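Structure, as structure tokens:
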Amino acid sequence: MKLLIKSGRVIDPANKLDEVCDILIESGKISKVAKNIKAAADKTIDAAGKIVLPGLVDMHVHLREPGREDKETVSSGTKAALKGGVTSVLAMPNTNPAMDSTENIKLLQKIIKDSAKADVFICGAITKGRLGQELSDIKALKKQGAVAISDDGASVDSDKLMEEALKLSRDEGLILISHAEDKALSNKGVVNLGLTSTRLGLKGISKESEYKRVARDVELAEKLKSPIHIAHVSCKESVEIIAKAKKRGAKVTCETAPHYFSLTEEAVLNYDTNMKMNPPLRGKEDLEAIRQGLKNGTIDAIASDHAPHTENEKDIEFERAEFGVTGLETELAVAITELVDTGLLSLSGLAEKMSLNPAKILKINKGTLSVGAPADLVIVDPDKEWLVEKSAFVSKSKNSPFLQRTLKGVVEYTIKNGIHC
Amino acid sequence: MNELIWKRKDLLGLEDLSREEIEFILSTAESFKEVSSREIKKVPALRGKTVVNLFYEPSTRTRVSFEVAAKRLSADVINIATETSSVKKGETLIDTGRNIEALKADIIVMRHNYSGAAAMLARHVNLSVVNAGDGWHEHPTQALLDIFTLKEKLGKIEGIKVSIIGDIAHSRVARSNIWGLTKLGAKVTVCAPKMLIPPGIEEMGAQVTDDVDEALHNADAVNVLRMQFERDESNAFPQQLEYFKNYGITEERLEKAKKNIVIMHPGPINRGIEMSSEVADGANSVILEQVTNGIAVRMSVLFLVAQANEHIKKDETAD
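Protein chains in written order, with our numbering: chain A, -5 to 415; chain B, 551 to 869.
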């Protein structure tokens, strides 16, 4: 099976490539990237006027299976991924059961083998049941195929346990992903603490609850010379702490999510539960700091934190509604609209944040169009606009904060292992 | 002409309202006030309409006030009191609202312990929703009756100084009063121990102090909030006696205040905690007049939302 992609603007930051050329794919791998490739292909795609990016690697996705198949499954979540141009996802471990043992990972691997449409990488749980009490057998998780560990949704409160986890992840070569939140400080809040929480009469989540934990985690990782990755950075202070640590040479990386560079707490003012997530939407200066962090390289990656929930769990009183929003099907268009169109990031910069860097952080062989690499790529019309509509989502859940927004950038083809999906 | 000013099917809070809309509710209330002093205390304004009082939190005074207001407008009134805990196991709020709508009721007056509940309900039903208090968010009719009473006593709202004293952080009465009073040009100061002042309150237009004598100084009126010790989850509230010592309104404290300062309280009063009995029953207290005015204000609100909704429905059928 040979596939030839003609005349697209090929963006491949791993090879510092940004030019109009052709790509030949053979047996699921990239076999040639050059101008005017003359080859007899089984199929040719005319990509003139389009951009060709390495398939996106989304390092923060909740597929909900096993346990909450009513919200999402590996099958529906990976279909949603492909629709959004995402060819690899990292599945977060807060499933039921949690991914805290060889046995549970095996269970998920079987589901993936049977039903995944995109590549699913597994993030193991740092602690058993993600309860922050007792470490999982991290060595065994790695052996079984986990590429990262995290207690996402919760932070490891105990300094001592966190140190142990960082040592093990360092020695095993597994990246530890920190959900940085001091729950004693976030105090059961539901929106950003400040004028917004006061206006709405809701409990607030302070920025301190995030950045104080970021500071602790960075400090511990630095002391132990362990790499650490900070998930869903939402506020200015966190960006500043990470920027300083990077300057000192700490092995810290971080991600943000599309909603943190495109929406502020003002979006919550009519109690729209599709604007409820954790960490919460913050202020204008935070949004600006996130954008600058993306631009200057402090923030390495963009990940959706795709968190599907049923309508019954979302269309209720704000305080009772679940935290989290979907993102797989909108993240690329939101990033093009908010970052590329505004001149904040080049297309190459975008491909770094959404494909190359997450692949590097997870140490997986993805994120590039190098010859010999798996032929995971996405062809996008960067100028075409579309309206985000509930009925068009293929995810089982529709809790998107971008409903009814017009976005720029349409995924025309997602190609996985050389096959158009 | 008047109908053009009020076009909302719901009253959810004062934050969203314009000065003109607030003034219109108040002037409509003035014309309804007289009904309650008639021998036959009834007008046919809402005859044939059904008002449902849907209360998820125990409340006597607000519920009774709405009930009296609706009855004086000749509406039929149904009272539903629901334990909050049953919300979790039972019917969702939206389903409850839709069932009430299917009964062909016209207005739901709702008290709910979750902030934003009234706004959510209003989005899902076509009948009118009047917020009778949602969480810590708003209690618009309480603020409207407070403002109505102040206007009666002081002749105007523009330029007057009003201090709100008590647990501002957890008070929907404080929030609605701040929005309403500042929109009408009053100067509002909030006063409480620092831990009971929520962040961002200055950006809402209020000045802040933790010194009660400063709050009383030069104030034309003071609105004393109920200290809700029963709701304290953190056990961080000051002790009751300590609170009275530092923040309680006493005759001694009032000696330094304006002679004609208007003393308000949304009730029920904790005598000896927020204020002394002498002050509650004293010459400056308008606490019972607030109760009387509450009827007129709620008649006005019920009448206006019902009328607006009829216009909305007519417009829809015209399309």
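Just so it is clear, CB atoms sit at the ideal spot from N, CA and C, and this is done for glycine as well.
As the structure is a computational prediction, the values presented were derived from the model and not from experiment.
Would residue i pass as an interface residue toward chain B - the criterion being a Cβ-Cβ separation below 9 Å?
i: residue -2/A; result: no
i: residue 399/A; result: no
i: residue 310/A; result: yes
i: residue 183/A; result: no
i: residue 359/A; result: no
i: residue 306/A; result: yes
i: residue 412/A; result: no
i: residue 198/A; result: yes
Since residue i is in the beta strand (DSSP E), which residue starts that stretch and which ends it?
i: residue 328/A; result: Careful: residue 328/A lies outside any beta strand (DSSP E), inside the alpha helix (DSSP H) at 325 to 329.
i: residue 16/A; result: 11 to 20
i: residue 662/B; result: 657 to 662
i: residue 380/A; result: 371 to 381
i: residue 757/B; result: 756 to 759
i: residue 115/A; result: 113 to 118
i: residue 223/A; result: 222 to 224
Could you check the C-alpha separation between residue i and residue j for me, to the nearest Å?
i: residue 171/A; j: residue 63/A; result: 24 Å
i: residue 123/A; j: residue 687/B; result: 36 Å
i: residue 705/B; j: residue 572/B; result: 16 Å
i: residue 194/A; j: residue 268/A; result: 16 Å
i: residue 808/B; j: residue 611/B; result: 30 Å
i: residue 370/A; j: residue 347/A; result: 16 Å
i: residue 240/A; j: residue 818/B; result: 57 Å
i: residue 227/A; j: residue 284/A; result: 8 Å
i: residue 336/A; j: residue 233/A; result: 21 Å
i: residue 635/B; j: residue 606/B; result: For residue 635/B, the predicted model reports a pLDDT of 47, less than 50, meaning its position is unreliable; a value from the coordinates is still stated below. In a straight line, the C-alpha of residue 635/B is about 9 Å away from that of residue 606/B.
i: residue 400/A; j: residue 333/A; result: 15 Å
i: residue 616/B; j: residue 604/B; result: 11 Å
i: residue 842/B; j: residue 594/B; result: 20 Å
i: residue 676/B; j: residue 381/A; result: 27 Å
Nearest chain A C-beta to residue i closer than 9 Å, yes or no?
i: residue 667/B; result: yes
i: residue 657/B; result: no
i: residue 690/B; result: no
i: residue 743/B; result: no
i: residue 664/B; result: yes
i: residue 670/B; result: yes
i: residue 766/B; result: no
i: residue 816/B; result: no
i: residue 748/B; result: yes
i: residue 684/B; result: yes
i: residue 558/B; result: no
i: residue 644/B; result: yes
i: residue 725/B; result: yes
i: residue 551/B; result: Low local confidence applies: a pLDDT of 46 at residue 551/B is under 50, so the model's placement there is unreliable, and no value is given.
Is residue i near residue j, with beta carbons less than 9 Å apart?
i: residue 577/B; j: residue 855/B; result: no
i: residue 374/A; j: residue 47/A; result: yes
i: residue 703/B; j: residue 812/B; result: yes
i: residue 815/B; j: residue 835/B; result: yes
i: residue 715/B; j: residue 682/B; result: no
i: residue 316/A; j: residue 301/A; result: yes
i: residue 680/B; j: residue 560/B; result: yes
i: residue 751/B; j: residue 772/B; result: no
i: residue 896/B; j: residue 693/B; result: No information on residue 896/B is available, as it lies outside the stretch 551 to 869 that chain B covers here.
i: residue 79/A; j: residue 362/A; result: no
i: residue 68/A; j: residue 109/A; result: yes
i: residue 574/B; j: residue 555/B; result: yes
Residues of chain A with CB closer than 7 Å to the CB of residue i, please, in chain order.
i: residue 567/B; result: Within 7 Å Cβ-Cβ: nothing; residue 567/B doesn't reach chain A, min ~14 Å.
i: residue 687/B; result: 194, 195
i: residue 648/B; result: Within chain A, no residue comes near residue 648/B; the closest Cβ sits about 12 Å away, beyond 7 Å.
Which residues in chain B sit within 7 Å of residue i, going by Cβ to Cβ distance?
i: residue 179/A; result: Near residue 179/A there are no residues of chain B at all, since even the closest Cβ is about 13 Å away, more than 7 Å.
In chain A, which residues lie with their C-beta within 9 Å of the C-beta of residue i?
i: residue 722/B; result: 195
i: residue 751/B; result: 189, 192
i: residue 754/B; result: 189, 192, 193
Taking residue i as the query, report the chain B residues whose CB atoms sit under 8 Å from its CB, ordered along the chain.
i: residue 264/A; result: 669
Which residues in chain A sit within 8 Å of residue i, going by Cβ to Cβ distance?
i: residue 715/B; result: Within chain A, no residue comes near residue 715/B; the closest Cβ sits about 18 Å away, beyond 8 Å.
i: residue 759/B; result: Under the 8 Å cutoff, chain A gives no residues; its nearest Cβ is about 17 Å from residue 759/B.
Between which two residues does the alpha helix (DSSP H) harbouring residue i extend?
i: residue 794/B; result: 790 to 797
i: residue 846/B; result: 837 to 868
i: residue 54/A; result: From DSSP, residue 54/A is part of no alpha helix (DSSP H) but of the beta strand (DSSP E) over 50 to 55.
i: residue 618/B; result: 611 to 622
i: residue 144/A; result: Unbroken run through residue 144/A is the beta strand (DSSP E), 142 to 144; no alpha helix (DSSP H).
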